[in-house]
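Read through the structure below, which is laid out as structure tokens, and then see the notes.
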Amino acid sequence: MEKLIIIGGGAAGMTAASWARRLKPDLDITVLESTKMVSHAPCGIPYFTEGLFDDESLFMTYTPDYFIEKRKINVKINSIVEEVDLKSRILVVKENQDRIKYEFDNLLLSMGAKPKKINSDGEKIFYVHHPAEATHLRQKLWGFNRIAIIGGGILGIEMAEALRARGKRVIMIHRGKYLLNKMLDEDMGKVVTEKVSSEVELRLSEELVNVEEGGRIVITDKGKYEVDATIVAIGVEPNIDLVKNQLRIGETGAIWTDDHMRTSVKGVYAAGDVAEATNIITKKPDWVPFAPVANKMGFVAGNNIGGKNVIFPGVLGTMITKFEEYIIGKTGLTEVDAKKHGLKTVSATVHHKTRARYYPDSKDIIVKLIAEANSMRIIGAQIIGEEEVLGRLNMLAAVIQKGFTAEDLFFVETGYVPPVNRVWDVVTLAARKLYTGVGGE
Numbered sequence: 001m002e003k004l005i006i007i008g009g010g011a012a013g014m015t016a017a018s019w020a021r022r023l024k025p026d027l028d029i030t031v032l033e034s035t036k037m038v039s040h041a042p043c044g045i046p047y048f049t050e051g052l053f054d055d056e057s058l059f060m061t062y063t064p065d066y067f068i069e070k071r072k073i074n075v076k077i078n079s080i081v082e083e084v085d086l087k088s089r090i091l092v093v094k095e096n097q098d099r100i101k102y103e104f105d106n107l108l109l110s111m112g113a114k115p116k117k118i119n120s121d122g123e124k125i126f127y128v129h130h131p132a133e134a135t136h137l138r139q140k141l142w143g144f145n146r147i148a149i150i151g152g153g154i155l156g157i158e159m160a161e162a163l164r165a166r167g168k169r170v171i172m173i174h175r176g177k178y179l180l181n182k183m184l185d186e187d188m189g190k191v192v193t194e195k196v197s198s199e200v201e202l203r204l205s206e207e208l209v210n211v212e213e214g215g216r217i218v219i220t221d222k223g224k225y226e227v228d229a230t231i232v233a234i235g236v237e238p239n240i241d242l243v244k245n246q247l248r249i250g251e252t253g254a255i256w257t258d259d260h261m262r263t264s265v266k267g268v269y270a271a272g273d274v275a276e277a278t279n280i281i282t283k284k285p286d287w288v289p290f291a292p293v294a295n296k297m298g299f300v301a302g303n304n305i306g307g308k309n310v311i312f313p314g315v316l317g318t319m320i321t322k323f324e325e326y327i328i329g330k331t332g333l334t335e336v337d338a339k340k341h342g343l344k345t346v347s348a349t350v351h352h353k354t355r356a357r358y359y360p361d362s363k364d365i366i367v368k369l370i371a372e373a374n375s376m377r378i379i380g381a382q383i384i385g386e387e388e389v390l391g392r393l394n395m396l397a398a399v400i401q402k403g404f405t406a407e408d409l410f411f412v413e414t415g416y417v418p419p420v421n422r423v424w425d426v427v428t429l430a431a432r433k434l435y436t437g438v439g440g441e
């Protein structure tokens, strides 16, 4: 019987397993997951930390038993893969105290990403990464009063919001000159920075030197801070240690894959945060470690393993987060990204309201569009608003993926109803500003 083994039971792994099973009912599928959770949602950890829900089983879309009983997928939790031999097609797995060998015909690598770590260790230094660790993390953090967060990216500001909601004093140390600097251009990033600084003690343009006394002393190139605990949120990297010397690693440091999610080794696939893809705009290698991408990579891998030809089109880098009432989204390239790739750009930014003038409780919203200077093709968008951000962001992701120009976007026939938007929608106005060179409403 043909054997498929999947290393990692997260979004990509379980999606691939499910689609492979759908297409090949007799395929022997085993998923090896190092924790107690599969089909899990790491993005929920800040909200669990805040106390918005208490049942850790809600981190899982489906339980291991569901996959075993309903989909006939052999899920092995708490199983740590210690060795991978791609040439011999053998794995060595630690299950309880036993070391068991598995053979495979096809292998899917979906080990995800791992947090970047600092050189210091300590009982009061924390990394926010896996839902299986969320209960322990929350119990610890709720016992502290003043907490440092190293890093001002998405995870950093989400944890800052969660801890502030619990009444904690937060100091955020970030080496960039504004928050979310890998997601937003400076003009948009400063809007977020100003908002966060009203709730959090912010230290920008500071480089971490060391964390001492187990997490209670944070030393930067500009100061020394005494805290009760330290959260390190300086980013993630592909978890490739098991196989990095046995197959091709891409320019981004993730596993190289083709558009079928095949690696450089026959019969070995990679999907999710461990896998590299191609950026749809630049046509260059890119790495986007977010759940929607991981799920779709898993879908492509599972279908191809199951015998159906499905192609992964690439990535745009769509991401969204929030801090209190601000919802912050980005898709495509920033102006900084575009410049790195040698693209000349023009941009338009419009500040607007989310509802008709006469409809109560209208909220502020800002949309920035970025276009390639010569073709006026839309290649990036950033949105900050208090409502109706996600729908606009998703529309713009589709616009960018399909190569719309500013003129195309302006003439999209959008809907209008006073409680939701204005007759001249903010996206339409931004497109018009790009298209005509004329600003304002």
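Count the sequence shown with the UniProt record's numbering and you get residues 1 to 441, in order.
Cβ atoms here follow ideal geometry from the backbone N, Cα and C, with glycine treated the same way.
Exercise. Given a cut-off of 8 Å, decide if Ile379 and Leu333 are closer than it, judged by their beta-carbon atoms.
Key: yes
Exercise. Return the residue from the list Thr321, Thr193 and Gly167 that minimises the CA-CA distance to Tyr178.
Key: Thr193
Quiz item: Run through DSSP, which three-state label would His136 get?
Solution: helix
Quiz item: Among Ala113, Met111, Pro115 and Leu137, which one has its Cα closest to the Cα of residue 442?
Solution: Since the displayed the chain opens at 1 and closes at 441, residue 442 lies outside it and no answer follows.
Quiz item: For the alpha helix (DSSP H) that contains Ile281, what are its first and last residues?
Solution: Counting along the chain, Ile281 falls outside any alpha helix (DSSP H), and DSSP gives it neither H nor E.
Quiz item: Does any C-beta atom of chain C lie closer than 8 Å to the C-beta of Tyr416?
Solution: You won't find chain C in this structure, because it holds only one protein chain.
Quiz prompt | For Ile80 and Ser110, believed in contact at Cβ under 8 Å, the rounded distance | solution = With a Cβ gap of about 15 Å, Ser110 and Ile80 do not count as contacting.
Self-check item: Close-in-space but distant-in-sequence residues of the same chain around Arg164 (CB under 8 Å, 5 per side omitted)
Solution: Val170, Glu199 and Val200
Quiz item: Do you know how far the Cα of Asp105 is from the Cα of Val191?
Solution: 52 Å
Self-check item: Sequence-distant residues of the same chain with beta carbon closer than 7 Å to Arg21, five excluded per side
Solution: Leu27, Ile29, Arg71, Lys72 and Ile73
Quiz item: Where does Leu204 sit, in a helix, a strand or coil, going by DSSP?
Solution: strand
Quiz item: Of all the alpha helix (DSSP H) runs that stay within the bounds of the region 402 to 428, which reach a length of 4 or more residues?
Solution: 406 to 410
Quiz prompt | Inter-stretch contact at 8 Å, needing at least 3 Cβ pairs: the region 304 to 316 / the region 144 to 162 | solution = no
Quiz item: Apart from the five residues on each side of it in sequence, which residues of its chain come closer than 6 Å, Cβ to Cβ, to Leu107?
Solution: Ile5 and Val268
Quiz prompt | Met1, buried or exposed, once every other Cβ within 10 Å from all chains shown has been counted against 16 | solution = exposed
Practice problem: Say yes only if the C-beta of Lys114 is nearer than 7 Å to one or more non-hydrogen atoms of the ligand SAM, and no if none qualify. | Solution: Annotation note on the ligand SAM: not contained in the displayed structure, which lists no ligands.
Quiz item: In whole angstroms, what is the alpha-carbon distance linking Tyr102 and Leu86?
Solution: 12 Å
Quiz item: Can you tell me whether DSSP reads Val389 as helix, strand or coil?
Solution: helix
Quiz item: For Gly298 versus Val389, is the C-beta spacing smaller than 8 Å?
Solution: no
Quiz item: Nearest CA to the CA of Pro289: which residue from Gly302, Ala275 and Glu95?
Solution: Ala275
Quiz item: What is the residue span of the beta strand (DSSP E) that Asn74 lies within?
Solution: Asn74 to Lys76
Quiz item: Apart from the five residues on each side of it in sequence, which residues of its chain come closer than 7 Å, Cβ to Cβ, to Leu23?
Solution: Asn303, Gly306, Gly307 and Lys308
Quiz item: Should the region 348 to 356 be called in touch with the region 408 to 415, which here means at least 3 C-beta pairs below 8 Å?
Solution: no
Quiz item: With distances taken from CA atoms, which of Tyr358, Lys344, Leu396 and Asn374 is nearest Lys368?
Solution: Leu396
Self-check item: Meets three-Cβ-pair contact criterion under 8 Å: the region 401 to 410 and the region 419 to 437
Solution: yes
Quiz item: Where Val93 and Ile77 are concerned, what is the direct C-alpha to C-alpha distance, given to the nearest angstrom?
Solution: 11 Å
Practice problem: Following the continuous alpha helix (DSSP H) through Phe67, name the residue where it begins and the one where it ends. | Solution: Pro64 to Lys70
Quiz item: Should His174 and Gly189 be called a contact, given that it needs their Cβ atoms to be closer than 8 Å?
Solution: no
Quiz item: For the 8 Å Cβ check, are there 3 or more pairs between the region 126 to 133 and the region 229 to 240?
Solution: yes
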